[in-house]
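Below: one structure, written as structure tokens.
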Amino acid sequence: MFRCQISARGISALGVFLLGTACAPSQSTGVPSSGGAAGNSAGQSNSGGKPAAGTGGSPGEAGAGAGPLAGSAGQTAAGGSETYLTPSEPPQDEDGSSLWLRYPKVPLPGRLAEYRAALNHVVGGGDSATLEAARAELVKGLSGLTGAELPVADQPTGDGAVVLGTPKSSSLVQGLPLVDQLAKVGAEGYVIQATSVGGKAAIVVAANSDVGVLHGVFGLLRHVASHRTVNELMLSSAPKIQRRVLNHWDNMDGTVERGYAGKSLWGWSSLPGTISQRYLDYARANASIGVSGVVLNNVNANAQILTAQNLDKVAALATAFRPYGIAVYLSARFSAPIEIGGLNTADPSSSAVRQWWAGKADEIYGKIPDFGGFLVKANSEGQPGPQDYGRSHADGAKMLSDALTPHGGVVMWRAFVYSTEGSDRIRQAYDEFKPLDGSFGSNAIVQVKNGPLDFQPREPFSALLGAMPKTPLALELQITKEYLGADTHLAYLGTLFEEVLDADTHANGPGSTVARVVDGSAHGHTISAIAGVANVGMDADWSGSHFNQANWYAFGRMAWDPDLSAKDVADEWVRQTFSNDPLVLAPVTGMMMDSRQALVNYMTPLGLAHIMGTGHHYGPAPWVDDQSRADWNPVYYHRADQTGIGFDRSTSGSGAVEQYSAPVRDQLASRASVPDDLRLFFHHVGWDEKLSSSGRTLWDELVHRYSTGVDAVATFRNQWLSVEGRIDARRYREVTDFLKIQHYEARWWRDACLQYFASVSGHEIPSGYALPAHDLNFYKDLSAKCPSDATKPRCNDVYTGEPSPAVLP
Ligand code: GCW
Numbered sequence: 132m133f134r135c136q137i138s139a140r141g142i143s144a145l146g147v148f149l150l151g152t153a154c155a156p157s158q159s160t161g162v163p164s165s166g167g168a169a170g171n172s173a174g175q176s177n178s179g180g181k182p183a184a185g186t187g188g189s190p191g192e193a194g195a196g197a198g199p200l201a202g203s204a205g206q207t208a209a210g211g212s213e214t215y216l217t218p219s220e221p222p223q224d225e226d227g228s229s230l231w232l233r234y235p236k237v238p239l240p241g242r243l244a245e246y247r248a249a250l251n252h253v254v255g256g257g258d259s260a261t262l263e264a265a266r267a268e269l270v271k272g273l274s275g276l277t278g279a280e281l282p283v284a285d286q287p288t289g290d291g292a293v294v295l296g297t298p299k300s301s302s303l304v305q306g307l308p309l310v311d312q313l314a315k316v317g318a319e320g321y322v323i324q325a326t327s328v329g330g331k332a333a334i335v336v337a338a339n340s341d342v343g344v345l346h347g348v349f350g351l352l353r354h355v356a357s358h359r360t361v362n363e364l365m366l367s368s369a370p371k372i373q374r375r376v377l378n379h380w381d382n383m384d385g386t387v388e389r390g391y392a393g394k395s396l397w398g399w400s401s402l403p404g405t406i407s408q409r410y411l412d413y414a415r416a417n418a419s420i421g422v423s424g425v426v427l428n429n430v431n432a433n434a435q436i437l438t439a440q441n442l443d444k445v446a447a448l449a450t451a452f453r454p455y456g457i458a459v460y461l462s463a464r465f466s467a468p469i470e471i472g473g474l475n476t477a478d479p480s481s482s483a484v485r486q487w488w489a490g491k492a493d494e495i496y497g498k499i500p501d502f503g504g505f506l507v508k509a510n511s512e513g514q515p516g517p518q519d520y521g522r523s524h525a526d527g528a529k530m531l532s533d534a535l536t537p538h539g540g541v542v543m544w545r546a547f548v549y550s551t552e553g554s555d556r557i558r559q560a561y562d563e564f565k566p567l568d569g570s571f572g573s574n575a576i577v578q579v580k581n582g583p584l585d586f587q588p589r590e591p592f593s594a595l596l597g598a599m600p601k602t603p604l605a606l607e608l609q610i611t612k613e614y615l616g617a618d619t620h621l622a623y624l625g626t627l628f629e630e631v632l633d634a635d636t637h638a639n640g641p642g643s644t645v646a647r648v649v650d651g652s653a654h655g656h657t658i659s660a661i662a663g664v665a666n667v668g669m670d671a672d673w674s675g676s677h678f679n680q681a682n683w684y685a686f687g688r689m690a691w692d693p694d695l696s697a698k699d700v701a702d703e704w705v706r707q708t709f710s711n712d713p714l715v716l717a718p719v720t721g722m723m724m725d726s727r728q729a730l731v732n733y734m735t736p737l738g739l740a741h742i743m744g745t746g747h748h749y750g751p752a753p754w755v756d757d758q759s760r761a762d763w764n765p766v767y768y769h770r771a772d773q774t775g776i777g778f779d780r781s782t783s784g785s786g787a788v789e790q791y792s793a794p795v796r797d798q799l800a801s802r803a804s805v806p807d808d809l810r811l812f813f814h815h816v817g818w819d820e821k822l823s824s825s826g827r828t829l830w831d832e833l834v835h836r837y838s839t840g841v842d843a844v845a846t847f848r849n850q851w852l853s854v855e856g857r858i859d860a861r862r863y864r865e866v867t868d869f870l871k872i873q874h875y876e877a878r879w880w881r882d883a884c885l886q887y888f889a890s891v892s893g894h895e896i897p898s899g900y901a902l903p904a905h906d907l908n909f910y911k912d913l914s915a916k917c918p919s920d921a922t923k924p925r926c927n928d929v930y931t932g933e934p935s936p937a938v939l940p
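Residue numbering for the sequence shown follows this note's numbering, beginning at 132 and increasing consecutively.
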């Protein structure tokens, strides 16, 4: 059961739905209760369900003994009398480049004293590059947090050692009774425990591998940076999904497709000779959240990446990332055998082609022994693929799987396909891929976008998820906000990720959530993967805005543990990125948690989708009907006419609902049970039909939602005002500026869409709501001007005056 907060402005309409489409699970919502374990919720290492608050360590860690935190103003930090004082002057300016790895000195004297007693030197661990990185991070982090440089020693020199290592790398760790705990955390997980080593109080960070130790170090630093007690500390955690992979849509010329954070991180012209600190910081950040792989280049791939010269550059990056437990992968262009191999075909049934790929795999693994594998976009949006030769997607994937299998690599074959034929674009991936279930090859994973359309602000989960029981399926999420306001708009995606991961496909009975499909447990797969389209670039703040960093963070944390709640992840990110002060924590996590629903409301409420401007995908353009392909036109998706609006995908319409398992199908197919948030995605609804949830007509509800979406941004601006002086002035100001842009642009979306839908329906804006600021032509004319730069999209023409309330006071 789910509790759904429909309004983003505090007036909430609660409904109970079967699907997790719009809703956070009820037990995970709510601001941390005061006085206690704010955000101090511990997840079970390997069980389903959201962690219960207040039992231990960081979210996603099994824990015990981690006591209470400051939960609200005036509450205690350690069960004593500590409060966060208002800084006498704002903290020093920051540019965001340290991400969540800032390590500022703990401002609570009692907690600081506790840390200084318990964490005052670092002991050994071994001498691998990974353990060196772990030690370096621990020294940097704890020295910053405690304000005292930590020495490194071979043995505990007194109470307060942090002892690192694996049973193999450290005799101290080997001597501890950790066998049972270590048996549960696999190759990459960790155990952190307050214990005694040689008669001295110590905290051990132990794992079965060096990378596990590194993850444990980051787990401990997250814990301490969140000002949690380390008394009787006992935490453990292990990833539930094996391959947690960022997909860069980076081109070799340094541009980034759908990138809003500056140029690509990869300096192809200066590689392999130059390994910049930026690469290492990128690896540190990824390791800290559990990302374990990186596809370096765009799925719209350039075959040149696979030449010997470029593979040397790729190998240099792989070497830089290796100590951090991060493997490199490449997007492979299907026609590479022709473009760089001198063959005249790329037909997967040709033995010459098969040999070429096998040889290419041998060459790659000769340079990069732990290469992750290939990602492939084939026969999609003009990319070459096996269908060019009359072969299937499975034939193509199998060829690459065969080439990679001897080396342990995988092929991740994307299911993002749609053609000009067919009545409903969202049916096509399923129709194409489902019949091929089980024939992709032993090391193949089919990678499926979260929704059946294309990373819209809200979509149902893709019907393919769960529908291919014989094939491991990876979930592809988009971290870069192509359709959610690019760099400027605050839209925390943790709630979107949670919504899809929690959605119950019913594919293998109740409980076959997307999380269980993707972690392999729903159908007993031994390989598992999850992908996130990266949002990072050369901008100082990495992600184009301070809040966009949270989406990178949330991807990593929820890829590690898909059962983490979005709320807990937001909480831990704010603590590390801005402040633990409850007067910062509560408003900022509140804004984040409401932000995505607000954006859905002002862009695409009630299940609308794909009504953005062509090409840049930024501002509103529901009127566009002149694209060469029907399914590139917004009018194809909203189907507004005089009678109503929405795409009928019920059994009497396109029948797309039939692709879902029975309980889901029935819920979506019926106008009585479809969630309002997906209503127009699945049904064509009359303008004057009443919604039982609100009692409003559809038209009035549309106006209401567009309006509350805009006004929610005004609320965010007010909430943000309250943190002034409690965080540094620079980041405060930069966020303030972006929220203002977001407010104008939310109003732009609302006014443009309502003007257009009013013109189609013949309805007027009901009383109680502001009239659009301009006529329809004004908004249509903006299409030629906005944005002038698609990599930093803005629309200056709408930034006039202060946006007034959309719901009239
Ligand atoms: O969302 C669309 C994007 C394209 C992208 C494509 C895909 C990489 O607009 O830019 O191409 O999806 O996922 O392949």
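The beta-carbon is built from N, C-alpha and C at its ideal position, and this holds for glycine as well.
Outcome for residue i when other beta-carbon atoms lying within 10 angstroms are tallied against a minimum of 16
| i | result |
| --- | --- |
| Arg857 | buried |
| Ala416 | buried |
| Asn849 | exposed |
| Gly490 | exposed |
| Asn362 | exposed |
| Gln440 | exposed |
| Ser550 | exposed |
| Gly306 | exposed |
| Ala338 | buried |
| Leu823 | Position check: residue 823 holds Ser in this sequence, whereas Leu was assumed. Looking at its Cβ environment, which holds fewer than 16 other Cβ atoms inside 10 Å, Ser823 is exposed. |
| Gly227 | buried |
| Glu895 | exposed |
| Asp920 | exposed |
| Ala153 | Residue confidence for Ala153 is low, a pLDDT of 36 falling below 50, so the modelled location carries little weight; the figure read from the coordinates is stated next. It counts as buried. |
Span of the beta strand (DSSP E), counted from its first residue to its last, around residue i
| i | result |
| --- | --- |
| Arg374 | 374 to 378 |
| Arg545 | 541 to 545 |
| Glu460 | Reading the sequence as shown, one finds Tyr at residue 460 and not Glu. Looking at the DSSP string, the run of the beta strand (DSSP E) that includes Tyr460 is 458 to 462. |
Residue i - containing alpha helix (DSSP H), residue span
| i | result |
| --- | --- |
| Met734 | 713 to 734 |
| Met689 | 680 to 691 |
| Phe909 | 907 to 913 |
| Tyr875 | 860 to 892 |
| Trp704 | 697 to 708 |
| Tyr413 | 408 to 420 |
| Lys821 | From DSSP, Lys821 is part of no alpha helix (DSSP H); its letter is neither H nor E. |
heavy atom of the ligand GTP below 8 angstroms from residue i C-beta
| i | result |
| --- | --- |
| Asp585 | Questions concerning the ligand GTP fall outside what the structure shown contains, since the ligands it does hold are the ligand GCW. |
Reduced DSSP secondary structure (H/G/I, E/B, other) of residue i
| i | result |
| --- | --- |
| Pro936 | coil |
| Arg389 | coil |
| Arg522 | coil |
| Thr207 | Interpretation of Thr207 is limited by its pLDDT of 42, a score under 50 that renders its predicted location unreliable; the figure taken from the coordinates is listed afterwards. Note: Thr207 maps to coil in three-state DSSP. |
| Asp381 | strand |
| Lys923 | coil |
| Val577 | strand |
| Pro751 | strand |
| Thr438 | coil |
| Ala244 | helix |
| Leu506 | strand |
| Gln324 | strand |
| Thr360 | coil |
| Leu145 | A caution first: Leu145 carries a pLDDT of 27, below 50, which makes its placement in the model unreliable, though a value can still be read off. Correct three-state label for Leu145: coil. |
| Ala183 | Because Ala183 sits at a pLDDT of 39, beneath the cut-off of 50, its placement in the model cannot be relied upon, and the point is left open. |
| Val237 | coil |
| Lys942 | Examination of residue 942 is not possible in this model, given that the chain is present from 132 through 940 alone. |
| Ala489 | helix |
Top-ranked residue by Cα proximity to residue i, from the options
| i | options | result |
| --- | --- | --- |
| Gly625 | Asp585, Asn682, Glu876 | Asn682 |
| Arg727 | Arg558, Asp808, Met669 | Asp808 |
| Ser783 | Ser801, Ser340, Gln773 | Ser801 |
| Ile776 | Leu737, Pro751, Gly750 | Leu737 |
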